[in-house]
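Protein chains in written order, with this note's numbering: chain S, 1 to 394; chain C, 1001 to 1361. Single-structure report; data block below.
Below is the structure:
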């Protein structure tokens, strides 16, 4: 057992830390220009966009999981921005690198990395959630253009995005999984209508997107006609699994303990209440189990060994931890959970901010493959139980 | 970073696993479970020859001189097979003598314990769940060389040639060949693979032992957590195997989503805990400032998971799982032992809360 990263990586850590001390102060977080300049410097040093070629604006570093981990840890510590959030960087770019035409890579990757264009994901439809391969939005090739009709839903941030990558049925006579193409399209056109949906929190984060003879050039397709399902699986492969996710929840747990120290129960700090202590300690058991489980997976991945069925479990494990944290937080904040967290100017939001975690943790059990779909995957691919015909999100 | 078992540790697990597969099939395990003494002398001898009984005894005293992580990964395999007998108490007493025994005590006992020709045990509990050193009240004579009073839930006391006993003030003493100065009160045991009894000392001769009682307690918590992980994982494996063999409504029951989800949930409860007991054991060996709290967290978390796994696996088997002769109950009962021995999980969560500074004791 050796939990240290070793001399070479500790030297690398010192180098990253020195760079951050020199180039970043948390006060810069409110200045978009400053953030953009910082990302440029960090990329120059090889800390960001590590697996992306230099000609597209990446830093083209050799694959090194531990360096990636050290960078993440140090940037988090310094509260410095990493790659721009959003699925353009995390999902579209890796897909284009693997399956895109050279001209598509040149046209779309650089402005996505720089944050100049954002992407929306056009996957789910009202009738196609867990059963994603049943998408019905259709595309027909007419005079050198795809003409698209149909509807997407749960599209995060669509009103701010320039482009969308979408699963569109282009081969209506082919079998379900073979009739879909992966199209790119401009959202700023007359045939596209975006309607925000008000979420459970009262905020609007996702949208309905309607296509009414929307158009995109014939060659804005990734992969061949009918290969869209496979291409979209390439993208999913690049989504980060729960590995490394333990740190987020350790932070959240520390905040929960702080909350327990500031809330009162029966006239005493809640953290002195044995019931609260027991529930906190119970969460800590799950949390430490997951922490060392991710260390084990990281260690085995480094040695190109298979960590076994646990790699299918990470999402459900962190979902459960989030639910447990939400339940205890609500016990602690008590009356404050009767309030809707309000961010109106002049209003100071109190402990009811934990209701965002209460709802957010619920969202985690739906987004990116519901918990029941996760259970299918664990049972079938992890435990080797018989497969359902379609219900594994494959 | 290397957070995984070494080649040697994997080989050690594999060797013990193969021995237990050969020597301890379900039928044999049930025989021992149902026997009067809950002991398998041949298995004991085979484990001794393999070095398992002296795993924590130094090499100069006939042991193999390994650390707690090695002992824990073996304990996982023992839990997987529900290996019966006095191994847990024997291993803990061996550790106590190796760490705090005088030269003479070590010389006298460790070679025989490693060879399995002598049996050792620990006597810690004093009824009503008083397992912790600061709760012990057993009296030592003013001269410091004799014990009088009761200890409860002692592993295999009638078989023991030497005992490590917790006494008032949170200290440990050594009792050698107690003979007639000690009365053993047998009790019916739920877990037939780890038998306990109560003992009454009556001016029983004893010697001081310089081992830290807290450290012995932490070792016990780590070994119980490791055993529980092995047992819980086995319950999952048995339930999955049964789901792949049993048919109803013309299909394998493992193809029904209700059961698939139940088993997936169980896997999510159990499988991530492997690294937790590893780290608790590693901390015992190498990170002393974290060891007591990690041992408490691991014991509380994993032993709760084992009982849950035992119940879920039984339910997934249906009626056959509820029978005595099928033997699945052996793991459920072992789970109850692991959960209760050395204190129930809520007590250890409370201890971990106090150690975290969340509140004064």
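Cβ atoms here follow ideal geometry from the backbone N, Cα and C, with glycine treated the same way.
Bounding residues of the beta strand (DSSP E) (the contiguous stretch that carries residue i)
{"i": "residue 75/S", "result": "Where residue 75/S is concerned, there is no enclosing beta strand (DSSP E), although the alpha helix (DSSP H) it sits in stretches over 65 to 78."}
{"i": "residue 1183/C", "result": "1182 to 1186"}
{"i": "residue 1166/C", "result": "1162 to 1167"}
{"i": "residue 1171/C", "result": "1171 to 1176"}
In DSSP terms, what residue i is bridged to
{"i": "residue 153/S", "result": "208/S"}
{"i": "residue 268/S", "result": "265/S"}
{"i": "residue 186/S", "result": "163/S"}
{"i": "residue 198/S", "result": "204/S"}
{"i": "residue 217/S", "result": "145/S"}
{"i": "residue 125/S", "result": "128/S"}
{"i": "residue 397/S", "result": "Residue coverage of chain S in this structure runs from 1 to 394, which leaves residue 397/S outside it and unanswerable."}
{"i": "residue 192/S", "result": "211/S"}
{"i": "residue 1226/C", "result": "According to DSSP, which records beta bridges pairwise, residue 1226/C is partnered with nothing at all."}
{"i": "residue 119/S", "result": "163/S"}
{"i": "residue 1002/C", "result": "2/S"}
Beta carbon of residue i nearer than 8 Å to that of residue j
{"i": "residue 125/S", "j": "residue 151/S", "result": "yes"}
{"i": "residue 1164/C", "j": "residue 1223/C", "result": "no"}
{"i": "residue 1226/C", "j": "residue 1277/C", "result": "yes"}
{"i": "residue 440/S", "j": "residue 25/S", "result": "No answer is possible for residue 440/S: it lies beyond the span of chain S, which begins at 1 and ends at 394."}
{"i": "residue 226/S", "j": "residue 174/S", "result": "yes"}
{"i": "residue 1309/C", "j": "residue 1232/C", "result": "yes"}
{"i": "residue 228/S", "j": "residue 181/S", "result": "yes"}
{"i": "residue 1184/C", "j": "residue 1158/C", "result": "yes"}
{"i": "residue 1112/C", "j": "residue 1056/C", "result": "no"}
{"i": "residue 295/S", "j": "residue 1003/C", "result": "yes"}
{"i": "residue 78/S", "j": "residue 141/S", "result": "no"}
{"i": "residue 45/S", "j": "residue 81/S", "result": "no"}
{"i": "residue 1152/C", "j": "residue 1171/C", "result": "no"}
Proximal chain S residues relative to residue i, where beta-carbon distance stays under 7 Å
{"i": "residue 1272/C", "result": "289, 290, 293, 310, 313, 317"}
{"i": "residue 1004/C", "result": "296, 299, 300"}
Where the alpha helix (DSSP H) through residue i begins and ends
{"i": "residue 1077/C", "result": "1068 to 1080"}
{"i": "residue 1201/C", "result": "Run containing residue 1201/C: none in the alpha helix (DSSP H); it sits in the beta strand (DSSP E), 1196 to 1205."}
{"i": "residue 1031/C", "result": "1026 to 1034"}
{"i": "residue 1153/C", "result": "First-last for residue 1153/C: 1146 to 1155, but that is the beta strand (DSSP E), not the alpha helix (DSSP H)."}
{"i": "residue 1050/C", "result": "1041 to 1050"}
{"i": "residue 363/S", "result": "354 to 364"}
{"i": "residue 1120/C", "result": "Taken as a continuous stretch (DSSP letters only), residue 1120/C belongs to no alpha helix (DSSP H), being part of the beta strand (DSSP E) at 1120 to 1123."}
{"i": "residue 93/S", "result": "93 to 99"}
{"i": "residue 1261/C", "result": "1257 to 1270"}
{"i": "residue 280/S", "result": "274 to 302"}
{"i": "residue 1338/C", "result": "1329 to 1340"}
{"i": "residue 1299/C", "result": "1291 to 1317"}
{"i": "residue 423/S", "result": "As displayed, chain S neither begins before 1 nor continues past 394, which places residue 423/S out of reach and without an answer."}
Proximal residues of chain C, C-beta to C-beta of residue i below 9 Å
{"i": "residue 301/S", "result": "The contacting residues do not exist; residue 301/S stays about 10 Å from chain C at best."}
Proximal chain C residues relative to residue i, where beta-carbon distance stays under 7 Å
{"i": "residue 74/S", "result": "Near residue 74/S there are no residues of chain C at all, since even the closest Cβ is about 16 Å away, more than 7 Å."}
{"i": "residue 274/S", "result": "1350"}
{"i": "residue 271/S", "result": "1358, 1359"}
{"i": "residue 285/S", "result": "1297, 1300, 1301"}
Interface residues of chain S facing residue i [CB-CB closer than 9 Å]
{"i": "residue 1249/C", "result": "What residue 1249/C touches in chain S: nothing, since even the nearest Cβ is about 13 Å away."}
{"i": "residue 1001/C", "result": "2, 3, 4, 5, 6, 9, 66, 69, 295, 298, 299, 302"}
{"i": "residue 1257/C", "result": "372, 375, 376, 379, 388, 391"}
{"i": "residue 1260/C", "result": "375, 376, 378, 379, 380, 383, 385, 386, 388"}
{"i": "residue 1282/C", "result": "1, 3"}
Proximal chain B residues relative to residue i, where beta-carbon distance stays under 7 Å
{"i": "residue 331/S", "result": "In the displayed structure, chain B is absent; the protein chains listed are S and C."}
Beta-carbon neighbours of residue i, restricted to chain C and to distances below 8 Å
{"i": "residue 320/S", "result": "1268"}
{"i": "residue 280/S", "result": "1353, 1358"}
{"i": "residue 277/S", "result": "1349, 1350, 1353, 1358, 1359"}
Beta-carbon neighbours of residue i, restricted to chain S and to distances below 8 Å
{"i": "residue 1278/C", "result": "1, 292, 296"}
{"i": "residue 1263/C", "result": "379, 383, 385"}
{"i": "residue 1243/C", "result": "385"}
Three CB pairs or more closer than 8 Å across the stretch 272 to 290 of chain S and the stretch 1340 to 1360 of chain C: yes
Three CB pairs or more closer than 8 Å across the stretch 1250 to 1260 of chain C and the stretch 1106 to 1124 of chain C: no
Three CB pairs or more closer than 8 Å across the stretch 23 to 33 of chain S and the stretch 249 to 269 of chain S: no
The stretch 216 to 224 of chain S in contact with the stretch 196 to 204 of chain S per 3-pair CB rule at 8 Å: no
Cβ contact (3+ pairs, closer than 8 Å) linking the stretch 178 to 190 of chain S and the stretch 154 to 170 of chain S: yes
Meets three-Cβ-pair contact criterion under 8 Å: the stretch 1327 to 1334 of chain C and the stretch 1074 to 1094 of chain C: yes
Three or more C-beta pairs below 8 Å linking the stretch 137 to 148 of chain S and the stretch 201 to 215 of chain S: yes
Stretch-stretch touch, CB-based, cutoff 8 Å, three pairs: the stretch 1007 to 1025 of chain C with the stretch 1297 to 1304 of chain C: no
Given 8 Å, three or more beta-carbon pairs between the stretch 312 to 325 of chain S and the stretch 376 to 390 of chain S: yes
Touching by the beta-carbon criterion (3+ pairs, under 8 Å), the stretch 1291 to 1301 of chain C and the stretch 1257 to 1272 of chain C: no
Stretch-stretch touch, CB-based, cutoff 8 Å, three pairs: the stretch 1273 to 1292 of chain C with the stretch 1199 to 1207 of chain C: no
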